[in-house]
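Here's the structure we're looking at; comments come further down.
Residue numbers (our numbering): 9 to 71.
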């Protein structure tokens, strides 16, 4: 199973900040912030071995 987490934002700075928060939570970027054709910014990340688990079920990211 492939788990990916996406950040969607209105501007590049928000997207960078969202991706940085994921990295701080133990995720690894797999797609750096990119402007999409529908006018939004998007970035993606995947869990790493250092991501904290919640009840043993996988990574947790606080909002």
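Beta carbons: idealized from backbone N, C-alpha and C, even for Gly.
**OP:** Compare the Cα-Cα distances from residue 50 to each of 10, 34, 40 and report the closest residue.
**Re:** 40
Subject >> Given residue 26 as reference, the closest of 55, 10, 15 once Cα atoms are compared >> reply: 15
**OP:** Specify the secondary structure class of residue 29 as computed by DSSP and reduced to three states.
**Re:** helix
Subject >> Pick from 22, 57, 18 that is closest to residue 45, judged by C-alpha positions >> reply: 18
Original post:
When you compare each of 21, 10, 56, 12 to residue 42 by their alpha carbons, which one comes out closest?
Top reply: 21
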